[in-house]
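Enquirer: Starting off with a structure, shown below.
Numbering (the working numbering), first residue to last: 63 to 549.
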């Protein structure tokens, strides 16, 4: 149910930034407070204005009654129209009526009602009457004859309603304006409060991008919870950096040990191989039985495989430890020619083709580059059926890059192997792996290690014939190119 609600309302408050939520809470609370305040003040002000209006009606009606009584006295010289005009405005009306609301006709020298006065109905002495758009009060003329006469004074409620409308409009504008100001103030305060957190986020994003825990976290100027968080994060990064340094030192020590151990193993292996070869030659010379020769041949083959495995491990260990062998300017085409010549005797019924353009000079270690080419050619021979063609080509790609390409027309790379093909101890499986000796699984790992150590790269894909293709990109020897350009 909750998931359905989230999908239906993608703009949930939970998705808002923190500063927007803080500003929204501030504006909401301010709105509620202002609405309550406006309702209370508006109600009190409305009642007060109405009371003042009604008190004014009673006061003016009493004043008019007094003036009429004074005018009817013999000593007063005020005329009737002047008496009624003392309290007249554009929205007021005065009537002198009897008990049934009929206009009086017994007054001498006094008008019975003002011009345009509406019918206010029967009078109710001292009571407030609402007739149409008018509020009216009635007072008794004390010296009138029997039956008594009443003075009705009325005023239109339009001015009262206009005043009340202006009052409520002012309060509504105050509520809206106060809410907007509270929202803006909330955004400003929240933005200022979140600025240190934004700095922490940017610093953390930079550390995540560079994967460098040695970078430091910016410290806020204020000493608050954010500063405490920044201090804790910075301390955590220091500890992670120290742990990483210790791990790197340990791994580097292990790599150095493997490199040294692999190097030291080569000497006894070479001695064992020499002794086994001498023993094999001795058996052949004196005519030893076949069983002894078979034992020596098996031991000699195992020793040779072990020497090659130790050599592969030594090369990888040196690459991991950053021990680059001596480099010099060498011609990649000559190295490829020597590698193809080395593999050709064991290629059985495979066809090895070599395509060379003009000389391509690279700055590298000839032995490592020779091993790179041999491994690629042997990989093509090992994982393709007899009669397949393995093609080796060397060319220059512009003035910056040398390209070595080894391709075949076999069944291609196994499905799902992907980039794992360059991982260590990974052996091909499936229809492409057609030999019983699939190797140690270090051949292509060595290819990648040598390419990377020479500031290059190796790519894989399908050849035009549908088989496998490996392409090695190496930087050209710029010194040789510069000398050639001068000549």
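All C-beta atoms, glycine included, are put in the ideal place defined by N, C-alpha and C.
Using only the alpha-carbon positions, how far apart do residue 531 and residue 437 sit?
Expert: Stepping through the chain shown from its first residue, residue 531 is reached at position 469. Stepping through the chain shown from its first residue, residue 437 is reached at position 375. The alpha-carbon atoms of residue 531 and residue 437 are separated by roughly 13 Å.
Enquirer: Give the secondary structure of residue 186 by DSSP, where H, G and I count as helix, E and B as strand, and everything else as coil.
Expert: Your numbering for residue 186 matches position 124 in the chain shown. In the structure shown, residue 186 sits in coil (DSSP, three-state: anything other than H, G, I, E or B).
Enquirer: Measure the CB-CB distance between residue 442 and residue 470 and report whether it falls below 8 Å.
Expert: Position 380 of the chain shown, counting from 1, holds the residue named residue 442. Position 408 of the chain shown, counting from 1, holds the residue named residue 470. Contact flag set, yes.
Enquirer: Name the DSSP beta bridge partners of residue 459, please?
Expert: Walking along the chain shown from the start, residue 459 turns up at place 397. DSSP output for residue 459 lists 463 as bridge partner(s).
Enquirer: Under a three-way DSSP split, which group does residue 528 fall into?
Expert: Position 466 of the chain shown, counted from the start, is the residue given in the question as residue 528. Reduced to three states, the DSSP call for residue 528 is coil.
Enquirer: Looking at C-alpha atoms only, which residue of 240, 354 and 431 is the closest neighbour of residue 100?
Expert: Mapped onto the chain shown, residue 100 falls at position 38. Nearest option by C-alpha distance: 240.
Enquirer: List the residues that DSSP assigns as beta-bridge partners of residue 487.
Expert: Taking the first residue of the chain shown as 1, we reach residue 487 at position 425. Answer by DSSP bridge pairing: none, since residue 487 is not bridged.
Enquirer: Does the region 265–274 come close enough to the region 232–247 to have 3 or more Cβ pairs within less than 8 Å?
Expert: Too few Cβ pairs lie closer than 8 Å, so no.
Enquirer: Select from 229, 348, 308 and 529 the residue whose C-alpha is nearest the C-alpha of residue 452.
Expert: Mapped onto the chain shown, residue 452 falls at position 390. Comparing Cα positions, the closest option is 529.
Enquirer: With distances taken between CB atoms, is the gap from residue 428 to residue 392 smaller than 8 Å?
Expert: On the chain shown, residue 428 is found 366 positions in, with the first residue counted as 1. On the chain shown, residue 392 is found 330 positions in, with the first residue counted as 1. Yes, the Cβ-Cβ distance between residue 428 and residue 392 is below 8 Å.
Enquirer: What does residue 192 pair with, by DSSP beta-bridge criteria?
Expert: Working through the chain shown from its first residue, we reach residue 192 at position 130. Paired residue(s): 197.
Enquirer: With a threshold of 16 other CB atoms inside 10 Å of the CB of residue 430, please say whether the residue is buried or exposed.
Expert: Here residue 430 refers to the residue found at position 368 when the chain shown is read from its first residue. Residue 430 is buried by the Cβ-count criterion.
Enquirer: Counting Cβ pairs, one atom from each stretch, are 3 or more of them under 8 Å apart for the region 282–293 and the region 255–262?
Expert: Output reads yes: the region 255–262 touches the region 282–293.
Enquirer: Kindly confirm or deny that the region 111–119 and the region 222–237 touch, where touching means at least three C-beta pairs closer than 8 Å.
Expert: Judged by Cβ distances under 8 Å, the region 111–119 makes contact with the region 222–237, as three or more pairs qualify.
Enquirer: In angstroms with no decimal places, state the Cα-to-Cα distance between residue 166 and residue 214.
Expert: Residue numbering aside, residue 166 sits at position 104 when the chain shown is read from its first letter. Residue numbering aside, residue 214 sits at position 152 when the chain shown is read from its first letter. Their backbone Cα atoms lie some 12 Å apart in a straight line.
Enquirer: With a CB to CB cut of under 8 Å and the five nearest residues on each side skipped, what residues in its chain are close to residue 87?
Expert: Position 25 of the chain shown holds residue 87. Cβ within range, chain order: 248.
Enquirer: Helix, strand or coil, according to DSSP, for residue 504 in the structure here?
Expert: By 1-based counting over the chain shown, the position of residue 504 is 442. Residue state, collapsed to three classes: coil.
Enquirer: So the candidates are 117, 381, 370 and 129; which of them puts its Cα closest to the Cα of residue 516?
Expert: Mapped onto the chain shown, residue 516 falls at position 454. Considering only alpha carbons, the answer is 381.
Enquirer: Check whether the region 416–423 and the region 371–381 touch, using three or more Cβ-Cβ pairs below 8 Å as the test.
Expert: Verdict: no, contact absent.
Enquirer: Cutting at 8 Å between CB atoms, please list the residues of its own chain near residue 345, excluding the five before and the five after it.
Expert: Locating residue 345 in the chain shown gives position 283, where the first residue counts as 1. Excluding positions up to five away in sequence, the list reads 354, 355 and 358.
Enquirer: DSSP on residue 471, reduced to helix/strand/coil?
Expert: Locating residue 471 in the chain shown gives position 409, counting from the first residue. In this structure, residue 471 counts as coil in the three-state DSSP scheme.
Enquirer: Can you give the Cα-Cα distance for residue 401 and residue 459, rounded to whole angstroms?
Expert: For the purposes of this step, residue 401 is taken as residue 339 along the chain shown, with counting starting at 1. For the purposes of this step, residue 459 is taken as residue 397 along the chain shown, with counting starting at 1. Going by the C-alpha atoms only, they are around 22 Å apart.
Enquirer: Kindly indicate which three-state DSSP category residue 175 falls into: helix, strand or coil?
Expert: As a first step, residue 175 must be located in the chain shown, where it is residue number 113. Looking at residue 175 - three-state DSSP - the assignment turns out to be strand.
Enquirer: Rounding to the nearest angstrom, what Cα-Cα distance links residue 341 and residue 366 in this structure?
Expert: The sequence position of residue 341 within the chain shown is 279, counting from 1. The sequence position of residue 366 within the chain shown is 304, counting from 1. Computed Cα separation, rounded: 15 Å.
Enquirer: State yes or no: is the C-beta of residue 523 within less than 8 Å of the C-beta of residue 536?
Expert: Taking the first residue of the chain shown as 1, we reach residue 523 at position 461. Taking the first residue of the chain shown as 1, we reach residue 536 at position 474. For residue 523 and residue 536, no; Cβs fall outside 8 Å.
Enquirer: Quick check: what's the CA-CA separation for residue 130 versus residue 193?
Expert: If you number the chain shown from 1, residue 130 lands on position 68. If you number the chain shown from 1, residue 193 lands on position 131. Going from the Cα of residue 130 to the Cα of residue 193 covers about 24 Å.
Enquirer: Where does residue 295 sit, in a helix, a strand or coil, going by DSSP?
Expert: Numbered from its first residue, the chain shown carries residue 295 at position 233. If DSSP states are grouped into helix, strand and coil, residue 295 belongs with the helices.
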